[in-house]
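One structure is given below, encoded as structure tokens.
Numbering (my numbering), first residue to last: 1322 to 1493.
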């Protein structure tokens, strides 16, 4: 019985670290969802958005997929290099900008600042993917959908910034 328990604990701990890396990006995403939730039916609904904006129902599942993908990607790099290295610093920096975006855009309605945040996020995510590539092709590939989505998000963000006046964007 004791041997079975130690085997069970050893197996559980083998899954805890990867699970933590996968879950971590979702934490900031959950905070962003809380900030966003009340703004969708009022503020976001009334602003001018580009015709290529996906329907609102797409965003939740897409971000869940992307946060899982980049989280697992970071785990693959951590397994090879640990935490103290350029690829992981870039990952952390882009994730911090990711977590800041929803409070800027939806919470504060600071669309211009959110564009700057998004440009930095996309740039750091691209550098991160570049640094991931020689370490793990899988980690690199797992970053590609994220880069594609961030590119789409940036195009929407810039459109909103350029096609709405300050009266439309202001906080009521």
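Glycine included, each C-beta is placed from N, C-alpha and C at the ideal position.
Predicted model, so just to flag it, every value in this text is computed and none were measured.
Alpha carbon to alpha carbon, what distance is there between residue j and residue i?
i            : j            : result
residue 1375 : residue 1404 : 35 Å
residue 1372 : residue 1445 : 27 Å
residue 1346 : residue 1363 : 27 Å
residue 1487 : residue 1378 : 27 Å
residue 1394 : residue 1467 : 11 Å
residue 1475 : residue 1482 : 10 Å
residue 1426 : residue 1453 : 29 Å
residue 1490 : residue 1432 : 8 Å
residue 1428 : residue 1443 : 21 Å
residue 1353 : residue 1418 : 12 Å
residue 1424 : residue 1324 : 49 Å
residue 1473 : residue 1384 : 13 Å
residue 1480 : residue 1436 : 10 Å
Applying the criterion that 16 or more other CB atoms from any shown protein chain within 10 Å of the CB defines a buried residue, is residue i buried or exposed?
i            : result
residue 1357 : buried
residue 1449 : buried
residue 1401 : exposed
residue 1408 : buried
residue 1369 : exposed
residue 1333 : exposed
residue 1341 : exposed
What three-state label does DSSP hand residue i in the structure shown?
i            : result
residue 1374 : coil
residue 1359 : coil
residue 1429 : coil
residue 1368 : coil
residue 1343 : helix
residue 1403 : coil
residue 1424 : helix
residue 1438 : helix
residue 1456 : coil
residue 1478 : helix
residue 1491 : coil
residue 1485 : coil
Assuming the contact rule is C-beta atoms closer than 8 Å, residue i and residue j should be a hit. Round their C-beta distance to whole Å, please.
i            : j            : result
residue 1343 : residue 1389 : 6 Å
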